[in-house]
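Under this note's numbering, the residue at position 90 of the sequence shown is numbered 84, and the numbers go up by one with no gaps.
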Amino acid sequence: LNSANTNDAGFDGVCDEDQNTSCFGAIHMSAVTGTNVFNNVDITTTEEHGINGNNVTNLSLTNCTVTGAGDDVEENGVKFIDLTGACSFTGCTFSNSGSRNTHIRTGSGTLNLTVNNCSFSNTNYLVTRFDCFEMRTLSSATATVNITSSTFYRAGSKGIQALAEGSSTFTFNLTNCSVQ
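Here's what the structure looks like:
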C-alpha cells in the first residue's frame, strides 16, 4: 500500500492517545476476533496511521514493513488499543513514523505479545517523534511481552517505553536486542 491516502481524522478527543476508533489507517481493524494474519504487507507514506486497530485479538504480523506513517503527533506506524490474545511481530520493519513506530495500549483482557527479529527506527529527528516502541497496560489488563533479537534506533525520546498503570499486570522481557 504505497502512498495510502488515509486522510487525517483530526484532533484531540477524535484521534489521540486514548481513542483511535475514528482514526484512519492504511489498514483499520475494529472488534476483529479470531486469527488475524498479515504476511509480507508493505505500507508506505500514510497521512495518519499505517495499521490502526481497536479491540483486536490474535494478531500476527510477519515480514511486514510500515514506513513513513503519519506526519504529526499521535500518528503512528502501528497503533492498537485493546490488543489481546496470542500476538506476534516477526521479521518486521517499522520506521520513520510521525509519532511512534509502534504504540499499543491494553486496558482489559490478556495479551501475550512476542516480537522477534524486528527493526524499529528513524533516519532523523523530528519534534513529533516519541518512542520506537511503546507498550502500556491499564486498568485490569494483563500482558506479557517478549522482545528478542530486535533493534531500536534513533527514537525521538525513548527507544522502548513499557508502562504498567492502575491495577494492571505487565511482564516485559528484552533479550539480545540493541537500543541506540
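Even glycine gets a Cβ: it sits at the ideal position worked out from N, Cα and C.
None of these values were measured; they are calculated from a predicted model.
From the DSSP output, which residues share a beta bridge with residue i?
i, result
"residue 50", "26 and 77"
"residue 137", "105 and 164"
"residue 147", "115"
Suppose contacts are defined by Cβ-Cβ distances below 8 Å. Is residue i in contact with residue j by that definition?
i, j, result
"residue 164", "residue 131", "yes"
"residue 106", "residue 85", "no"
"residue 79", "residue 46", "no"
"residue 25", "residue 44", "no"
"residue 52", "residue 34", "no"
"residue 162", "residue 136", "yes"
"residue 36", "residue 59", "yes"
"residue 120", "residue 150", "yes"
"residue 71", "residue 54", "no"
"residue 82", "residue 104", "no"
Looking at C-alpha atoms only, which residue of the options is the closest neighbour of residue i?
i, options, result
"residue 153", "139, 159, 160 and 123", "123"
"residue 117", "47, 61, 53 and 38", "61"
"residue 77", "39, 102 and 125", "102"
"residue 65", "36, 17, 40 and 150", "40"
"residue 134", "27, 99, 83 and 48", "99"
"residue 156", "127, 146, 108 and 9", "127"
"residue 140", "170, 115 and 125", "170"
What's the C-alpha gap between residue i and residue j?
i, j, result
"residue 167", "residue 95", "19 Å"
"residue 174", "residue 143", "14 Å"
"residue 69", "residue 75", "14 Å"
"residue 129", "residue 15", "18 Å"
"residue 145", "residue 172", "5 Å"
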